[in-house]
Ligand SMILES: Nc1ncnc2c1ncn2[C@@H]1O[C@H](COP(=O)(O)OP(=O)(O)OP(=O)(O)O)[C@@H](O)[C@H]1O
Ligand SMILES: [Mg+2]
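In the numbering used here, the protein residues as written are 126 to 556.
Printed below as a string of structure tokens:
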């Protein structure tokens, strides 16, 4: 297994004719190191200044909105795209110029990429057979001739009988090992009954599990998985999620896993990397990302429903003043607020940290616009009674009787609030 190091990675694509891109693309390129980046006005910058290390055996989850560059980053790691700048190391090797098959990685693609003419068994076995062929060549070089000769006969018998009915086929020792591995992986992913079908005869979710099986079977140094569960139904998704995590712990294979799913992001990885607009915003363990988001983007992206944001003025040492309510913060905020020197900040409150309260200066008077009862909890969308344009989302316990049009007071849990700077949205952090 191996550590993966990504250093100062940039990726630009040529802009297709007629595509004028947007101004921020060229602005971002102009700031970067021109000597290492072949950027020009015809290039569109997709990844910028990506730096991170995935430790040996670690499970890193990569999340970010559509188009932010997640798949591009995985394809660079796999060797399917050329770097515009920077370095990628797998284990101790610089792999910038190595072709995909020399990198010892297995990738599960967002669109499955199964071989359409091979049945599922052969799709899973494909990489295993190729692996053992490479190992066979190594044996020859070390001069173990006898073994190679018997292996040769084995291979010929296997090839000659391959098209006979299954019960009449000759299986070499190598092919028996492949069969055992394929069956093991198929049972793990519950696709045993599909082994002799072609990919076109499977549903999207089934194809996804086959693609996953093909990667697992090879036992590579690094797994790269691009939304491998997005087509599964909820039950299968939960099961397969647990299987991947269990398997990754067992095999201890360094894994980079792309997802849009909040639950997958929070539960599967040792750490989460949040990306936006071609850049990494924050890398940290899941609960740290949730509790101490580095900026407003991460705060809004991680957590469901998303965090609420309200602009407020700061009255030192600890008072936050909104047009329609005031909050007194706990004393731990004195030092961070003093050193930020901000006069106005953005107040962030998660929906879970608002509750129904009573009329007071520190409560927010609202009117209910929408009630979504999920059973386990109820989400309500509301607007400020004095300002219909300011909306909030609140997560409440399911037993509270709430109806559209209700007028209520909301209390804020001041021990759980977040503050961000107005200009660049960076978090004002508690020490
Ligand atoms: N071959 C290409 N040529 C030009 N632009 C490309 C190419 N491949 C990707 N892009 C652009 O790069 C950006 C990042 O794409 P990428 O596929 O990495 O996004 P993503 O984060 O994986 O999105 P999604 O979540 O939708 O899969 C997008 O704006 C996309 O249009
Ligand atoms: Mg993608």
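Cβ atoms here follow ideal geometry from the backbone N, Cα and C, with glycine treated the same way.
Among the candidates the options, whose CA atom is the shortest distance from the CA of residue i?
i	options	result
residue 324	402, 279 and 240	240
residue 493	298, 506 and 483	506
residue 488	553, 190 and 536	536
residue 388	401, 345, 415 and 286	415
residue 428	438, 449 and 399	399
residue 423	233, 286, 188 and 231	188
residue 434	523, 299, 229 and 552	552
residue 181	376, 364 and 440	376
residue 432	517, 195 and 210	517
residue 279	299, 228 and 290	299
Pick helix, strand or coil for residue i, following the three-state DSSP scheme.
i	result
residue 230	strand
residue 354	coil
residue 250	helix
residue 505	strand
residue 131	strand
residue 382	strand
residue 284	helix
residue 511	coil
residue 376	helix
residue 491	strand
residue 362	helix
residue 556	coil
Where residue i and residue j are concerned, what is the direct C-alpha to C-alpha distance, given to the nearest angstrom?
i	j	result
residue 131	residue 183	14 Å
residue 477	residue 521	7 Å
residue 337	residue 352	10 Å
residue 430	residue 128	35 Å
residue 502	residue 328	33 Å
residue 297	residue 371	31 Å
residue 313	residue 533	51 Å
residue 225	residue 381	16 Å
residue 216	residue 347	10 Å
residue 539	residue 514	24 Å
residue 425	residue 508	19 Å
residue 206	residue 285	38 Å
residue 237	residue 471	42 Å
residue 445	residue 485	15 Å
residue 519	residue 528	13 Å
residue 524	residue 531	16 Å
residue 499	residue 454	32 Å
residue 229	residue 126	10 Å
residue 231	residue 288	29 Å
residue 157	residue 418	With a pLDDT of only 45 at residue 157, under 50, the local geometry of the prediction cannot be trusted, and the value read off the model is given with reservation. In a straight line, the C-alpha of residue 157 is about 26 Å away from that of residue 418.
Short check: CB of residue i to CB of residue j, under 8 Å?
i	j	result
residue 474	residue 405	no
residue 555	residue 457	yes
residue 393	residue 186	yes
residue 545	residue 396	no
residue 233	residue 409	no
residue 333	residue 320	no
residue 172	residue 198	yes
Can you check the region 438 to 489 for any alpha helix (DSSP H) of at least 4 residues that lies completely inside it and give the ranges in chain order?
459 to 465
Quick one: complete beta strand (DSSP E) runs, 3+ long, within the region 517 to 554?
532 to 537 and 543 to 546
Could you give the uninterrupted runs of the alpha helix (DSSP H) lying entirely in the region 298 to 346, keeping only those of 4 residues or more?
298 to 313 and 329 to 343
Which residue spans inside the region 180 to 239 form an unbroken beta strand (DSSP E) run of at least 3?
184 to 188, 210 to 215 and 230 to 233
Where are the alpha helix (DSSP H) runs, 4 residues long or more, that stay fully inside the region 382 to 425, in chain order?
387 to 393 and 411 to 416
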